[in-house]
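Chains as they are written, first to last, in this note's numbering: chain B, 72 to 404; chain Y, 72 to 404; chain S, 72 to 404; chain C, 72 to 404.
Every residue, glycine too, gets a C-beta built ideally from N, C-alpha and C.
Quick caveat, the model's predicted, so the values are computed rather than measured.
Number of protein chains: 4
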Amino acid sequence: MDVVEYRPERDQYVWTFGGVAPSHRITPGTLLRLWTEDAFSGRLTRVTDRPGDVLDMTEVNPQTGPFYVEGAEPGDTLALHIVDLTPARDWGASSTIPFFGALSTTDRTALLHDPLPERTWIYQLDRAAGTVLFEATSADVRLELPCNPMLGTVGVAPAGREVRSSLVPDMFGGNMDTPEMKPGVTCYLQVNVEGALFSVGDGHYRQGEGESCGTAVEGAMDVTLLVELIKGAPAPLWPRIESDTHYVVVGSSRPLEDAWRASQVGMIGWLGELYGLDRLDAYQLLTQISESPLANVVDTNYSAVTKVPKALLPAGRAYNGMHTHLREQAATL
Amino acid sequence: MDVVEYRPERDQYVWTFGGVAPSHRITPGTLLRLWTEDAFSGRLTRVTDRPGDVLDMTEVNPQTGPFYVEGAEPGDTLALHIVDLTPARDWGASSTIPFFGALSTTDRTALLHDPLPERTWIYQLDRAAGTVLFEATSADVRLELPCNPMLGTVGVAPAGREVRSSLVPDMFGGNMDTPEMKPGVTCYLQVNVEGALFSVGDGHYRQGEGESCGTAVEGAMDVTLLVELIKGAPAPLWPRIESDTHYVVVGSSRPLEDAWRASQVGMIGWLGELYGLDRLDAYQLLTQISESPLANVVDTNYSAVTKVPKALLPAGRAYNGMHTHLREQAATL
Amino acid sequence: MDVVEYRPERDQYVWTFGGVAPSHRITPGTLLRLWTEDAFSGRLTRVTDRPGDVLDMTEVNPQTGPFYVEGAEPGDTLALHIVDLTPARDWGASSTIPFFGALSTTDRTALLHDPLPERTWIYQLDRAAGTVLFEATSADVRLELPCNPMLGTVGVAPAGREVRSSLVPDMFGGNMDTPEMKPGVTCYLQVNVEGALFSVGDGHYRQGEGESCGTAVEGAMDVTLLVELIKGAPAPLWPRIESDTHYVVVGSSRPLEDAWRASQVGMIGWLGELYGLDRLDAYQLLTQISESPLANVVDTNYSAVTKVPKALLPAGRAYNGMHTHLREQAATL
Amino acid sequence: MDVVEYRPERDQYVWTFGGVAPSHRITPGTLLRLWTEDAFSGRLTRVTDRPGDVLDMTEVNPQTGPFYVEGAEPGDTLALHIVDLTPARDWGASSTIPFFGALSTTDRTALLHDPLPERTWIYQLDRAAGTVLFEATSADVRLELPCNPMLGTVGVAPAGREVRSSLVPDMFGGNMDTPEMKPGVTCYLQVNVEGALFSVGDGHYRQGEGESCGTAVEGAMDVTLLVELIKGAPAPLWPRIESDTHYVVVGSSRPLEDAWRASQVGMIGWLGELYGLDRLDAYQLLTQISESPLANVVDTNYSAVTKVPKALLPAGRAYNGMHTHLREQAATL
């Protein structure tokens, strides 16, 4: 098994999907051991830091990559298996950012209010307990919350010659900010350009569904990935995720109902591929078994998730058993 | 404990929140043993039934009630504890309905497409196994799905002199269609008119999050409720639900992000009441712990849910321990 | 010609569509000479008045009516011709209202901001010049704006047993807040209940498209209407307006694209009725000739307008020439 | 005055904003005489042509340019004055395209319907009469519609390292598809990258407000532009347009209310710059004078327009009289 290790220096951070030369060329089957900087590019470290003072909004969500996958062609499907996510620091940060967040006026939901106040929270990580510590400033509330590492941003170069900011989620994946992107899952992405050119970043030590204020418990992350390439399968269109327990589709758009509709139609397609159900039967089945946890309602596009539990379904072999194959491989590491 | 039993006859069904005389006057503390007809008013019984032929769309979601609660005044909070929900028939029904559903053109998302085809599914209930049976028509797929009874519709008379169809969810509750409305929870609703005038209906034997096609596994239900009245608490504005494990707020509006925002701001208010957190701290905490499963994306208003797990929070006593009190009472029955 | 004059006393104001007994029973062909109070129920009279202090939000948009039209049955079409609108006072008022308006957080677009400041503007009417005077407080800007009287609220009792606040626009008409509702036009509304039970109110001396802050130049109005009833025509579904120069359809929903889609599909239907165009041809023609001025982006539902200019179309006879007939009748008064 | 003439060959067409080398380097003050191919890249020429057969959806909206403006730096404002638009062919084309258009399911408003039927309309141009001819296929309707040439797409390279498809409108301008972009207006765009790198394309011989089916009367265009650069003015954020009669701001986002809100807040800012009004006074004035014709409800982002008539306002000198200056220059040509 080829193994590539990569810890980008600050001048190697990448801020877009598409538009930059690959950091590495890898073959399908490669194991990646990566490090990703946090969404704030490491600039928010104390509760007294104000995003408006220390952040450069054109340099957030730094990506590690992109990786050129040998043999990947438009129409192929890239499989990224998250073997492990381990916090690379002993603390994470979160903050309200002016004119950003689901419950704030923004450049899109443009209203006449002044921005909400800026406040920064630092979460100390307790590795033994597996928790991060929330500390309120307005009341005597300190809460140990489970540390659930995930990647906010996983994506390939977009279709149609586009280059998109690493703040954006869309069909190419990107900043989907869903807690589903966690260790043990396989993410399937449609290849749009030769080499796929995927990258990852924006590690979260923990995130609620919706990422209300726009920033999770953001933290640098040690990321272990297995990379595979699938030829000859129908292109997934929207990003798909497979875990041991669920099939997941992520749709990203606005308004939020359109993001969700995209994920639903995507899942109806997947159920059809897996079980031969026609559109109406798959629609009906989905109506009764869909889990619909929101991902984020804060990014340039909102992201909504449709999940179905494998336990309720017949045995299926998505992508010819790719997820099981990658799980087995990961177990040997 | 006062006990009221009520199985409305067909001519006693109620189709609105507000605008009708109470079926009963009850005192706080009353136990209700009710029967509710299914959302189709019992008119869809076979897979060959077509909604367009057999349904009268002005007579769907029949309500049992309304109940006038003695002493209830505007600004009070009504507490409805769902002691038990038991399917009252051995089968449930679901169907695609022309110009209805999340993935169909509707009278609002008005497009130029012909309606999707009508199809009806009948789910047989296996009481011993606790399952309902999904049977596809396009493939040889039969799936036993857990029976998870819930109420689609729980509401009081609206504010502002309005009378709303039992198809509508809004601040008064109504057709929220959330799987959170299940046995063991307490629903808190703001009283808008003297007597509160609440009713229930639209039992589901099972529903996915989002209720994609617009109809769950719809079935008649035996409903056991405990009714209490809370004086002197801040009005909840949007419906709240408390279970042994979660605090829940349901927002209903369009677009879907607005429904979710309402539930989020509602939860921030509740966290403030419970723990003294200011808006920013509650916003931050919610960002990291919110569960955001969609309720429905099909009704006149969409309904979105914000949940927080009690296990992550300090001990709280919402409404002075009302839920615990009702749980204990229910345990004595 | 029957003539009915009516100036309601304060205790005769009506706050809903549906749910109240008619003020009058009239026959088709009746001329109505009405007076309507302003949207603030006359409570905002000076620039020092603060809506939060003086308004009762359950008593805004008072309606004059409702009128029971003899012979009107569900499925019929009511034709209301606006003969004249004359300001009944020499001033109008506008104001920012906390948590209301298109560029403010509201109970639906629920954010964490404090409300925008309250400010009240009084517009003096110059009857000779036909203008109202805008006076800024933050700069030395005084502008004479044309007085263009219109009715914010024209509606019938809703379908489905509902009763809706006079703040709401929907299929029944209501608080559409469109500058199209001006002297010389005929408004066609689908009759939902026996007698139609229509009412009018919410006069504006002037309003921009979108009614950004939520309140136009609000003023009491002398209203002259001709009432007719159309039997046997296809029900219009969404409100239609005919002027000497345009056909207009008003859709009301959220998000705003759905309001507009409803008005577009409504117009495609009307073009089909008028000229025998099929859906695709009408869609194409509309694509090239639609005028799409927004009505309001502030009410419970947003209202969007689709207009087509008669000058670009073949001669048509909507409703068998009803508008021309009513124009001629009005000319004799 | 420098004059540059440019008629790109097919292999010189550009499909994005950003991401391509300039076709020309020009100085401020240059006159451009350009030719733009139609949105279909000239591939739709007969009513029997089906978009699904003849179009390559990655090669639509070909741009002429981009032009590097010497001296243009981020934060500057580019002024493009449209001196003249003359149809370059004697016919234009429009079509329904599968899964595209405001009244069709799309990849975003993802529903389960089959696509609407494809149909193509060819509009013959009568240069003498100044009309284009609509010919229905479903009825005997032929209509001479005024030819009102406009540009669908005018934009600069985006901020944040992004490259966007020429189908997209956003802050950088792009595919706004507004009838306001017509001869005699000046468009102000915020410069995001050195040289601005603007391009134009997507000529329409006529378009309704909203561009319902997604394609106007699309036609090749001879375009005459004057280019100027403004230093030291506040960046406009969203595209602004000035005509002899109106100030216009175009917002582009989803849902449609957010596009409109962006245009409204943009106009409030402009009114503040022009007249010193504070936010509340500008909000109030806009409420009474805004014209809000929709631009398109079909693109990747929807575009909404806020216009205010100069006739109602005090004399103003936007950008130090730039529009008047360019009008005068154009008059000398």
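Measure from the alpha carbon of residue i to the alpha carbon of each residue in the options, then state which is nearest.
i	options	result
SER165(S)	VAL74(S), HIS152(S), GLN195(S)	GLN195(S)
ARG114(S)	LEU102(S), VAL131(S), GLY100(S)	VAL131(S)
ALA291(B)	GLY266(B), VAL91(B), ARG160(B), PRO93(B)	ARG160(B)
VAL154(S)	ALA210(S), SER374(S), LEU105(S)	LEU105(S)
THR135(Y)	PRO158(Y), TRP309(Y), GLU108(Y)	GLU108(Y)
GLN359(C)	TYR84(S), SER374(S), PHE205(S)	PHE205(S)
ASP352(Y)	TRP86(B), ALA210(B), HIS317(B)	ALA210(B)
LEU357(Y)	THR371(Y), ASN372(Y), SER374(Y), GLY337(Y)	GLY337(Y)
GLY226(C)	GLY266(C), GLU282(C), ASP127(C)	GLY266(C)
PRO158(S)	ASP197(S), LYS302(S), ASP293(S), ARG332(S)	ASP293(S)
TYR346(B)	LEU174(B), GLU282(B), LEU384(B)	LEU384(B)
SER361(C)	ALA181(S), SER283(S), THR371(S)	SER283(S)
TYR390(S)	ALA402(S), LEU151(S), GLY90(S)	LEU151(S)
By DSSP's criteria, residue i is part of a beta bridge. Which residues make up the other side?
i	result
ILE153(B)	LEU296(B)
ARG160(C)	ARG160(C) is not bridged to any residue.
THR116(S)	None, per the DSSP bridge assignment.
LEU365(S)	ALA375(S)
VAL321(S)	VAL376(S)
ILE193(Y)	ALA164(Y)
CYS258(S)	LEU151(S), ILE312(S)
GLY245(B)	VAL225(B), PRO240(B)
ASP213(S)	According to the sequence shown, residue 213(S) is Arg rather than Asp. In DSSP, ARG213(S) forms a bridge with GLU206(S).
SER270(C)	GLY226(C)
THR107(C)	MET292(C)
VAL75(B)	LEU103(B)
GLY89(C)	In the DSSP output, where bridge partners are listed per residue, GLY89(C) has none listed.
ARG235(C)	PHE88(C)
HIS184(B)	Beta-bridge pairing links HIS184(B) to no other residue.
ARG277(S)	VAL288(S)
If I follow the unbroken alpha helix (DSSP H) through residue i, where does it start and stop?
i	result
VAL125(C)	122-125
ARG350(B)	350-360
Can you find the residues in the same chain that come closer than 6 Å, C-beta to C-beta, to residue i, ignoring five residues on each side of it along the sequence?
i	result
PRO169(S)	GLY123, PRO186
ARG121(Y)	GLU189
TRP86(C)	SER237
Cβ-heavy atom distance between residue i and the ligand NAD below 8 Å?
i	result
ALA402(B)	In the structure on display, the ligand NAD does not appear, and there are no ligands present to speak of.
How would you write the range of the beta strand (DSSP E) that residue i sits in, first residue to last?
i	result
GLN134(Y)	134-140
VAL336(C)	VAL336(C) -> not in any beta strand (DSSP E); alpha helix (DSSP H) instead, spanning 327-346.
THR395(C)	That residue, THR395(C), is in no beta strand (DSSP E); its alpha helix (DSSP H) goes 393-402.
ARG96(C)	95-97
Once you ignore the five residues that flank residue i on each side, which residues in its own chain have a CB closer than 8 Å to its CB?
i	result
ILE97(Y)	ASP73, VAL75, LEU103, PHE138, TYR139, VAL140, GLU141, VAL298
PRO93(B)	GLY136, PRO137, PHE138, TYR139, GLY266, LEU268
Less than 7 Å between C-beta atoms, sequence neighbours within five positions excluded: which residues of the same chain meet that for residue i?
i	result
SER314(S)	GLY255, VAL256
HIS412(Y)	Any property of residue 412(Y) remains undetermined from this structure, which presents chain Y solely from 72 to 404.
Does chain D have any CB closer than 9 Å to the CB of residue i?
i	result
GLN335(S)	No chain D appears in this structure, whose protein chains are B, Y, S and C.
Can you find at least 3 beta carbon pairs, one from the segment 261-278 of chain C and one from the segment 223-239 of chain C, that sit closer than 8 Å? yes
Cβ contact check for the segment 260-267 of chain Y and the segment 133-145 of chain Y: 3 or more pairs under 8 Å: In this structure the segment 260-267 of chain Y lies against the segment 133-145 of chain Y, because at least three pairs of beta carbons, one per stretch, are closer than 8 Å.
With contact counted as at least three CB pairs below 8 Å, one residue from each stretch, are the segment 367-378 of chain S and the segment 210-218 of chain Y in contact?
No: the two stretches stay apart, fewer than three of their Cβ pairs being nearer than 8 Å.
#### Entry: the segment 218-230 of chain Y touching the segment 275-290 of chain Y, judged by at least three CB pairs closer than 8 Å
Yes, the segment 218-230 of chain Y is in contact with the segment 275-290 of chain Y.
Query - the segment 240-248 of chain B touching the segment 315-331 of chain B, judged by at least three CB pairs closer than 8 Å - result: yes
inquiry  = Within 8 Å, do at least three Cβ pairs link the segment 369-380 of chain C to the segment 303-310 of chain S?
reply    = no
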